[in-house]
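Each residue of the sequence shown is one higher than the last, beginning at 1 in full-length UniProt numbering.
Virtual Cβ for every residue (Gly too), placed ideally from N, Cα, C.
Treat the numbers as computed from the prediction; the structure is a model and nothing was measured.
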Amino acid sequence: MNTKPSHGPIHFRAPAKIHWRTIRGQSVGPQRLKAYEGVPPPYDKVKRMVIPDAIKVLRLQPGHKYCLMGQLSKEVGWNHFDTIKAREYRIIFIYGEGEFSKSSVLSLATKLLRLIPVDVSHPPHVNRAPIIFNGALHWMINDQEYRRVFEAWPHCSQSIVIFDMEREEFSTMPHPGRQCASKRRHYCMGLLEMEGHLCFPDNSSSEVLLDIWILEDSINQVWAKRHIVHTAPIKSLCKVVGGWTRFTLWKEAEVEAIQEYGDNLLLRVYYKNLFLYNLRLGTFVRVGPISYFRAKNVMLETINLYMQSYIVDLINVKTPARKMLYFSTSYITCKL
């Protein structure tokens with residue numbers, strides 16, 4: 001498999017080429033292959049499948065005569081192989097109890113519910129599906145819930161809430177760009193996964209610009225501004241009522257980035273206006289409008305992208321008032 005001996009016994013290889021050599025003896029394997037480079041014809045034109053994040057980048061080890069994706073991923077640092085092998089699916093609950101938020105983890109294999117002893121000091125915005133990155137769940141902070149508990153608005157230095165799935169611990173990190181320091185500003189901010197990195201769309205620097213930040217170094221928390229979207233053309237089409245007085249007041253609508261689709265970025269203006277922005281061409285295509293109630297829950301529906309083929313009606317859980325249930329898609333993941 002090491003086709004470049006000059007690079008030494010250990011070097012990075014394209015996942016496409018590793019995957020191709022792994023399935024070369026299968027009759028239908030090449031027809032189900034999606035990869036990022038090096039797919040031989042005629043399989044580069046057929047319907048593709050997504051390679052899991054665990055095998056996007058693999059490192060060859062000396063002595064390997066063949067490649068087992070799960071085991072090789074474990075050897076190069078993927079820390080969920082044992083969980084997948086044991087098929088231990090877990091559900092995380094985040095709920096309000098008294099003045100603080102608490103969390104519990106339910107194991108579907110053992111049916112045991114255990115309480116995480118530390119309170120959730122920075123409640124996440126669970127109305128949006130979290131982003132799974134580096135073995136952790138990422139949310140924006142819930143401004144209103146934080147203010148209810150601490151009677152103050154959260155600082156930007158602790159605006160991104162992280163839940164480590166291996167250690168089952170909560171932590172925070174700052175968002176990039178200008179520190180907004182304004183009331184309820186984080187509610188219109190969100191997180192995405194783009195190009196295999198954590199992405200933060202920031203609309204606080206300008207009324208007509210949407211800055212797309214990419215987390216290049218998660219250890220040192222180094223962000224880089226990758227794209228700048230000029231939102232003036234779509235904001236001019238969508239005005240919202242700002243108040244009810246003798247005269248009708250109009251104000252600019254907020255622009256939110258919802259999802260990445262290849263070279264396109266799905267944007268939402270107010271609730272019912274959806275646009276696809278082409279990152280290469282800089283053009284907008286309107287794909288809405290949709291109903292108010294469907295638009296309000298559009299982020300919750302993205303959970304199905306992760307769960308639709310992995311878990312269906314696993315367990316019927318009755319939750320009390322104000323209790324928020326979230327199926328941790330990092331625990332409910334594909335079986336290798």
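Item to check | Beta-carbon contacts of ASP164 that lie in its chain and below 6 Å, excluding the five residues immediately before and after | outcome: Counting from one through the sequence shown, the residue named residue 164 turns up at place 164. Same-chain partners within the cutoff: ALA136.
Item to check | Inter-stretch contact (C-beta, 8 Å, three-pair minimum) for the segment 190–198 and the segment 251–270 | outcome: yes
Next on the checklist: Given a cut-off of 9 Å on the beta-carbon distance, is the pair LEU266 and LEU274 in contact?
Outcome noted: Locating residue 266 in the sequence shown gives position 266, counting from the first residue. Locating residue 274 in the sequence shown gives position 274, counting from the first residue. In contact: LEU266 and LEU274 (Cβ atoms closer than 9 Å).
Item to check | Where ARG128 falls: helix, strand or coil (DSSP) | outcome: As a first step, residue 128 must be located in the sequence shown, where it is residue number 128. DSSP places ARG128 in coil when its eight states are reduced to three.
Next on the checklist: Closest to ARG226 by C-alpha separation, out of VAL285, VAL161, SER236 and ILE212, would be which residue?
Outcome noted: Residue mapping note: residue 226 aligns to position 226 of the sequence shown, counting from 1. Nearest C-alpha to ARG226: ILE212.
Next on the checklist: For ILE91, report the span of its alpha helix (DSSP H) as first-last.
Outcome noted: Position 91 of the sequence shown, counted from the first residue, corresponds to residue 91. ILE91 -> not in any alpha helix (DSSP H); beta strand (DSSP E) instead, spanning 90–97.
Checklist entry - Among residues of its own chain, excluding the 5 on either side of ILE234, which ones have a beta-carbon nearer than 6 Å to its beta-carbon? => result Translated into the one-based positions of the sequence shown, residue 234 becomes position 234. Taken in chain order, the residues that qualify are VAL269, PHE275 and PHE284.
Checklist entry - Anyone know if the C-beta pair for SER101 and ARG90 falls short of 9 Å? => result Here residue 101 corresponds to residue number 101 of the sequence shown, with the count starting at 1. Here residue 90 corresponds to residue number 90 of the sequence shown, with the count starting at 1. No. Outside cutoff.
Next on the checklist: Buried or exposed for ASP263, going by 16 or more other Cβ atoms inside 10 Å?
Outcome noted: Position 263 of the sequence shown, counted from the start, is the residue given in the question as residue 263. When all chains shown are included, ASP263 counts as exposed.
Checklist entry - Roughly how many angstroms lie between the CA atoms of GLU216 and ALA224, to the nearest whole one? => result One-based indexing of the sequence shown puts residue 216 at position 216. One-based indexing of the sequence shown puts residue 224 at position 224. Their backbone Cα atoms lie some 7 Å apart in a straight line.
Item to check | For ASP202, the three-state DSSP class (helix, strand or coil) | outcome: Counting from 1 along the sequence shown, the entry for residue 202 is found at position 202. ASP202: strand per DSSP, three-state reduction.
Next on the checklist: Which residue marks the beginning of the beta strand (DSSP E) containing LYS235, and which one marks its end?
Outcome noted: Taking the first residue of the sequence shown as position 1, residue 235 is located at position 235. First-last for LYS235: 232–235, but that is the alpha helix (DSSP H), not the beta strand (DSSP E).
Next on the checklist: Buried or exposed, going by whether 16 or more other CB atoms sit within 10 Å of the CB of LEU115?
Outcome noted: Against the sequence shown, residue 115 aligns to sequence position 115. Flag for LEU115 reads exposed.
Item to check | First through last residue of the beta strand (DSSP E) which encompasses ARG286 | outcome: Mapped onto the sequence shown, residue 286 falls at position 286. ARG286 -> beta strand (DSSP E) spans 284–286.
Next on the checklist: Within a Cβ cutoff of 6 Å, which residues of the same chain sit near HIS122, ignoring the five residues on either side of it in sequence?
Outcome noted: On the sequence shown, residue 122 is found 122 positions in, with the first residue counted as 1. Answer for HIS122: ILE141, GLN158, VAL161 and THR172, listed in chain order.
Item to check | Run of the alpha helix (DSSP H) containing GLN144, from where it starts to where it stops | outcome: Residue numbering aside, residue 144 sits at position 144 when the sequence shown is read from its first letter. Its alpha helix (DSSP H) spans residues 143–150.
Checklist entry - Where GLU151 and GLU99 are concerned, what is the direct C-alpha to C-alpha distance, given to the nearest angstrom? => result Locating residue 151 in the sequence shown gives position 151, counting from the first residue. Locating residue 99 in the sequence shown gives position 99, counting from the first residue. GLU151 and GLU99: Cα-Cα distance of roughly 11 Å.
Checklist entry - The beta strand (DSSP E) with VAL255 in it runs from where to where? => result For the purposes of this step, residue 255 is taken as the residue at position 255 of the sequence shown. Looking at the DSSP string, the run of the beta strand (DSSP E) that includes VAL255 is 255–261.
Checklist entry - What is the DSSP secondary structure of SER157, reduced to helix, strand or coil? => result Numbered from its first residue, the sequence shown carries residue 157 at position 157. Reduced to three states, the DSSP call for SER157 is helix.
Checklist entry - Got a sec? Which residues, its chain only, sit under 6 Å from ARG286 by beta carbon, not counting five neighbours each side? => result What you label residue 286 is simply residue 286 of the sequence shown in a count that begins at 1. Excluding residues within five positions, the ones whose Cβ falls inside 6 Å are PHE275.
Checklist entry - DSSP state of HIS175, grouped into three classes? => result As a first step, residue 175 is located in the sequence shown; it is residue number 175 there, counting from the start. The answer is coil: DSSP assigns HIS175 none of H, G, I, E or B.
Checklist entry - For the beta strand (DSSP E) that ALA136 lies in, which residues bound it at each end? => result By one-based count along the sequence shown, residue 136 stands at place 136. That run of the beta strand (DSSP E) goes 136–140.
Item to check | Exposed unless 16 or more other CB atoms sit within 10 angstroms - verdict on THR231 | outcome: For the purposes of this step, residue 231 is taken as residue 231 along the sequence shown, with counting starting at 1. THR231 comes out buried.
Next on the checklist: Tell me which residues share the same chain as HIS186 and place their Cβ nearer than 6 Å to its Cβ, disregarding the 5 neighbours each side in the sequence.
Outcome noted: Taking the first residue of the sequence shown as 1, we reach residue 186 at position 186. Result list for HIS186: MET140, ILE141, ASP143 and SER159, in chain order.
Checklist entry - Do you know how far the Cα of ASN278 is from the Cα of PRO117? => result Stepping through the sequence shown from its first residue, residue 117 is reached at position 117. Stepping through the sequence shown from its first residue, residue 278 is reached at position 278. Straight-line Cα distance between these residues: approximately 45 Å.
Checklist entry - DSSP three-state call for HIS227: helix, strand or coil? => result Residue 227 sits at position 227 when you count from the first residue of the sequence shown. In this structure, HIS227 counts as strand in the three-state DSSP scheme.
Item to check | Nonlocal neighbours in the same chain, by C-beta distance under 7 Å from SER103, ignoring five residues either side | outcome: On the sequence shown, position 103 is the one that residue 103 refers to. Only ILE92, PHE93, ILE94, ILE116 and VAL120 meet the Cβ criterion.
Next on the checklist: Could you tell me the alpha carbon to alpha carbon distance between GLU207 and ALA109, rounded to whole angstroms?
Outcome noted: Residue numbering aside, residue 207 sits at position 207 when the sequence shown is read from its first letter. Residue numbering aside, residue 109 sits at position 109 when the sequence shown is read from its first letter. Straight-line Cα distance between these residues: approximately 49 Å.
Checklist entry - DSSP three-state call for HIS186: helix, strand or coil? => result Numbered from its first residue, the sequence shown carries residue 186 at position 186. Of the three classes helix, strand and coil, the one that applies to HIS186 here is helix, per DSSP.
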